[in-house]
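For reference, the structure is listed below as structure tokens.
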Amino acid sequence: MPVQPRHPDPAEAPAVPPADGSPADHAVGLAHFNSLPFAAAEAAFLECCGSLRWAHRMAAHRPYPDLGALLAASDEAGYDLAPSDIAEALAAEPAPCLHHDAPRAAHLALRAAHAAYESRFGHAFVICLDAYTPAQHVDQVLAGIRVRMEHEVDEERAVTAEELRRLARSRIVELMTAGPGQ
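Quick note: the sequence shown uses my numbering, first residue 85, plus one each step.
Structure follows, in structure tokens:
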């Protein structure tokens, strides 16, 4: 029987305490996160990766002793996703976009590149941009689409799955260090 998503009222879920990103902050955030009700943890994990199976597995395997163990579990759960789980996660992914103040030509170029990618591969383009400054994002997205449009479908499927895993890891770190309301 498939697990149904449960989205509790965010106001009812305890927030992860503020942090500055130090290992001690990860421990405080993780300890708090480990103590959340299952539904709240599952909903938080769904924000990291849109696969219900992945989020359910991650929430069910708590408590995690440290951030490294949590990230390793995230990778393992990501590698175990079936194609339908990856499709579910991709459907939940927003396309990388520009700040509304960016030039109109940049918005049009990005929109056209996304449309071409989606037409070729049948899903949204995903890329983890952690290594780049916000000013570099549009160039990296456009370059990534250009390179990845040359991939065969199976090769791109593998690259996309890896980008989803990288995004989930990044979002988990952010979740463990986010303050209330962030």
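Even for Gly, the Cβ is constructed at its ideal location relative to N, Cα and C.
Segment limits, alpha helix (DSSP H) that includes residue i
i	result
residue 177	Neither: residue 177 is in no alpha helix (DSSP H) and is coded neither H nor E.
residue 205	188–205
residue 220	From DSSP, residue 220 is part of no alpha helix (DSSP H); its letter is neither H nor E.
residue 140	136–144
residue 122	122–132
residue 237	237–261
residue 158	151–163
Proximity below 8 Å, CB of residue i to CB of residue j
i	j	result
residue 173	residue 248	yes
residue 146	residue 124	no
residue 138	residue 161	yes
residue 171	residue 207	yes
residue 169	residue 135	yes
residue 131	residue 255	yes
residue 261	residue 152	no
residue 212	residue 241	no
Nearest-angstrom beta carbon gap, residue j and residue i [assumed within contact, 8 Å]
i	j	result
residue 222	residue 190	6 Å
residue 253	residue 155	5 Å
residue 194	residue 182	6 Å
residue 122	residue 142	In fact, because the Cβ distance is near 11 Å, the residues do not count as touching under 8 Å.
residue 225	residue 235	Incorrect: roughly 16 Å between the Cβ atoms, too far for contact.
residue 205	residue 257	With 8 Å as the limit, residue 205 and residue 257 do not qualify as a contact, their Cβ atoms being about 28 Å apart.
residue 197	residue 229	4 Å
residue 163	residue 118	That pair is no contact at about 23 Å.
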